[in-house]
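In terms of the numbering used here, the sequence shown opens at residue 180 and continues consecutively. Working notes, structure below.
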Amino acid sequence: MEDSTRQGYLAAFGAVLIWSGFILVSRMGGISPLLSYDVIAIRYATCAALVLPIWWFKFRFKLWQPKFIICSLFGGLGYALFAFQGFENTPGSQSAVLLPGLIPVMIIVLSVVISKQGHPWSKWLGVGIITSGIAVLFLQEFLAQGELSVGHLSLAGAAFCWGIFSVLLSRWQITPWQATASLAIITCSIYMPIYLIWLPTNISLELINAGLWRDMLLQSFYQGFMATIVQMLLYVRAVQIIGAANMGTMMAMVPVIAGISALFVFDEPVKLSLIIAMAAVSIGVWFANTQYFNRK
Numbered sequence: 180m181e182d183s184t185r186q187g188y189l190a191a192f193g194a195v196l197i198w199s200g201f202i203l204v205s206r207m208g209g210i211s212p213l214l215s216y217d218v219i220a221i222r223y224a225t226c227a228a229l230v231l232p233i234w235w236f237k238f239r240f241k242l243w244q245p246k247f248i249i250c251s252l253f254g255g256l257g258y259a260l261f262a263f264q265g266f267e268n269t270p271g272s273q274s275a276v277l278l279p280g281l282i283p284v285m286i287i288v289l290s291v292v293i294s295k296q297g298h299p300w301s302k303w304l305g306v307g308i309i310t311s312g313i314a315v316l317f318l319q320e321f322l323a324q325g326e327l328s329v330g331h332l333s334l335a336g337a338a339f340c341w342g343i344f345s346v347l348l349s350r351w352q353i354t355p356w357q358a359t360a361s362l363a364i365i366t367c368s369i370y371m372p373i374y375l376i377w378l379p380t381n382i383s384l385e386l387i388n389a390g391l392w393r394d395m396l397l398q399s400f401y402q403g404f405m406a407t408i409v410q411m412l413l414y415v416r417a418v419q420i421i422g423a424a425n426m427g428t429m430m431a432m433v434p435v436i437a438g439i440s441a442l443f444v445f446d447e448p449v450k451l452s453l454i455i456a457m458a459a460v461s462i463g464v465w466f467a468n469t470q471y472f473n474r475k
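Take a look at the structure:
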């Protein structure tokens, strides 16, 4: 393996680890005293503070364009509101299956609906396998509870928002830097006034002194820096070297890494439905992204 190819796969694996860690850290925020609204505020305030100087002094572009605003409403605001509500109400192991599994399904289906894009049979096979795995998880939840939880539905909503965002990125030829800067700055500009004036918060001086600062610091570092800036850089680097299809195939590891880790980190029960869903989603994500069969 050439050095450049090795670097590409190392970057891809780094992005996979950060994405897996994002699910675990988000679940930690969900079971901490922080509300989901607090985690979103910490995420985008930190990210905007880091990105704004770079945008202002080095790589400035016209930010408040309709296409960037629309992408930020879906990929930033909508995704965050649904995702963190889901992390707050769904076990970490199930979140690790649902979000990474539903995102490629939504992207493929919405690319057909919005952009009339055609896909090879392997992608549709992947969609079918993923859907079957998630259906098993949903069926077990429905039989146990009599209904799907707000957490499961919220994660589906987050995947839908990210699917629209991804399709629009491709349709409007938005660069990774434009996507990163607009998600950080526009989302923060829209969300923070609403959060500070109307939304509930659990951040207080009393709780901060009692140890809440540790949760805030973890969320600030991981959500605002690792999961946005570092992961984006690694992801783009990997795509440049090994290609989008190979990078997408690497993402099949996320449900397994994050799901198994969540079982130990949060001491969650191991259920047959979860194992089936985890395996199906990972295999389905691989099929949905691989080009192996299309070369035959």
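Virtual Cβ for every residue (Gly too), placed ideally from N, Cα, C. None of these values were measured; they are calculated from a predicted model.
Candidates the options: closest to residue i by CA position
i: Val218; options: Tyr258, Ala360, Met429; result: Tyr258
i: Ile197; options: Gln410, Ile420, Trp300; result: Gln410
i: Trp465; options: Pro279, Arg185, Tyr216, Phe240; result: Pro279
i: Gly233; options: Ala337, Ile421, Thr359; result: Reading off the sequence shown, one finds Ile at residue 233, where the question assumed Gly. If we check each option's Cα against that of Ile233, Thr359 comes out closest.
i: Tyr216; options: Trp235, Ala262, Phe236, Met457; result: Ala262
i: Tyr188; options: Met432, Val449, Met457; result: Met432
i: Cys340; options: Glu447, Ser452, Leu289, Ser461; result: Leu289
i: Gln352; options: Pro372, Pro434, Lys246; result: Lys246
i: Arg206; options: Gln273, Asn388, Leu327, Lys302; result: Gln273
i: Leu229; options: Thr366, Leu386, Gly403, Met371; result: Gly403
i: Val276; options: Val435, Leu442, Val449, Ile364; result: Val435
i: Ile202; options: Gly271, Ser183, Pro372; result: Gly271
i: Ile364; options: Arg185, Leu231, Ala191, Ser183; result: Leu231
Buried versus exposed, by CB contacts within 10 Å (16 or more), residue i
i: Lys475; result: Residue confidence is low: Lys475 scores 48 on pLDDT, short of 50, so the model does not pin down where it sits. Its coordinate-derived value is still stated next. Exposed.
i: Glu267; result: buried
i: Arg222; result: buried
i: Asn325; result: A small fix is needed here, since residue 325 is Gly in this sequence, not Asn. Label assigned to Gly325: exposed.
i: Pro379; result: exposed
i: Gln398; result: buried
i: Gln357; result: buried
i: Asp394; result: buried
i: Arg239; result: exposed
i: Ser294; result: exposed
i: Thr366; result: buried
Supposed contact pair residue j and residue i - C-beta distance, whole angstroms, cut 8 Å
i: Gly427; j: Asn468; result: 3 Å
i: Tyr401; j: Gly200; result: 7 Å
i: Ala194; j: Ala417; result: 6 Å
i: Ile408; j: Cys226; result: 7 Å
i: Gly255; j: Leu362; result: 4 Å
Any C-beta of chain B under 8 Å from that of residue i
i: Ser333; result: Among the chains in the structure shown there is no chain B, since it carries only a single protein chain.
Report task. May I have a chain-ordered list of the beta strand (DSSP E) segments no shorter than 3 residues that lie completely inside the region 373–443? Result -> For the region 373–443, there is no continuous beta strand (DSSP E) assignment of 3+ residues that stays within its boundaries.
Query raised in the report: Which residue spans inside the region 285–349 form an unbroken beta strand (DSSP E) run of at least 3?
Result: Fully contained in the region 285–349 is no beta strand (DSSP E) run of length 3 or more.
Query - Sequence ranges, alpha helix (DSSP H) only - wholly within the region 185–262, length at least 4 - result: Listed in chain order, they are 215–236, 245–250.
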